[in-house]
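The next block holds one structure in the form of structure tokens; read it before the comments.
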Amino acid sequence: MTRRFLFVLGSARPDGNTELLARRAAEQLPQNVEQQWIDLAAHPLPDFEDLRHDSDHTRPTEGDVATLLDATLAATDIVIASPLYWYSVSDRTKRYLDHWSGWLRTPGLDFKATLEGRTLWGVTALAHEEPEVAAPLVGTLNNSAAYMGMRFGGVLLGNGSKPGDVLKDTEALARAKTFFAQEAPLARFPYEAG
Ligand SMILES: Cc1cc2nc3c(=O)[nH]c(=O)nc-3n(C[C@H](O)[C@H](O)[C@H](O)COP(=O)(O)O)c2cc1C
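The numbers in the numbering used here rise by one with no breaks, and the one at position 94 of the sequence shown is 94.
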């Protein structure tokens, strides 16, 4: 299967550090790898409504929810490119993940079976100098991948406050060069780690 990367951008501003860093990493992908970029600001998802236990819950066929769903199902690799907001993912990124909970229960979608074995990656920019403070974001993505039976490639972190700052983080730019070439093992919950 040809690899197809979906980049889901979750910043609340255009051309931010997270996107800059994600684009640096994506530049290294081979030519035959397809890339799709979706900015959640341009494709705003509605508030997630918990219809998981309603039997008349159907597949969305139009609008931004359908666009995101179709792109997610078509991707072999999903890259959550979210700035660090309050130590975790941004609100719009979290909303996208909340919609996964609805898609998991939508009859006929086979959302979990489709994503199983595929790979989740993260890219984030943060203002704090010490990257450990991003542990809640890393845990959210790792555990989500484990729950979904996905592989997890880890999170590419870069430092910056105002747009463009991350381009001065030479260590992050160096990590970006090989980020997507890394092994992405099957994700495990922390209590399963051997
Ligand atoms: C709502 C909000 C919450 C933030 N929370 C954190 C935080 O918890 N830790 C941190 O280091 N930086 C925090 N920041 C700073 C951003 O992570 C930083 O400016 C980053 O470069 C933004 O990424 P972007 O340029 O891709 O939008 C926050 C910024 C905003 C707007």
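Glycine is no exception: its CB is placed at the ideal position from the N, C-alpha and C atoms.
| query | result |
| --- | --- |
| M148 classed as buried or exposed, judged by whether at least 16 other C-beta atoms fall within 10 angstroms | buried |
| Of the residues T76, D98, L115, the one placed nearest V65, counting alpha carbons only | D98 |
| Y96: CB within 7 Å of a non-hydrogen atom of ligand 1 | no |
| Nonlocal neighbours in the same chain, by C-beta distance under 6 Å from P163, ignoring five residues either side | D15, G16 |
| Proximity below 8 Å, CB of L157 to CB of P131 | yes |
| heavy atom of ligand 1 below 7 Å from L73 C-beta | no |
| V138 vs G122 beta-carbon contact at 8 Å | yes |
| CB contact flag (V133, Y85, <8 Å) | no |
| Rounded C-alpha distance that separates D39 from E19 | 10 Å |
| Delimiting residues of the beta strand (DSSP E) encompassing A125 | 119-126 |
| Option in A146, A125, M1, L9 with minimal Cα separation from N32 | M1 |
| Closest Cα partner of A26 within the set Y191, H128, Q182 | Q182 |
| Rounded separation between A184 and P60 - CA only | 31 Å |
| Residues that Y85 bridges to, as DSSP identifies them | S88 |
| Cross-strand partners of W37 (DSSP beta bridge) | F7 |
| Length at least 3, wholly inside the stretch 120-170: the beta strand (DSSP E) runs in chain order | 151-159 |
| Sub-8 Å separation of R24 and A75 beta-carbons | no |
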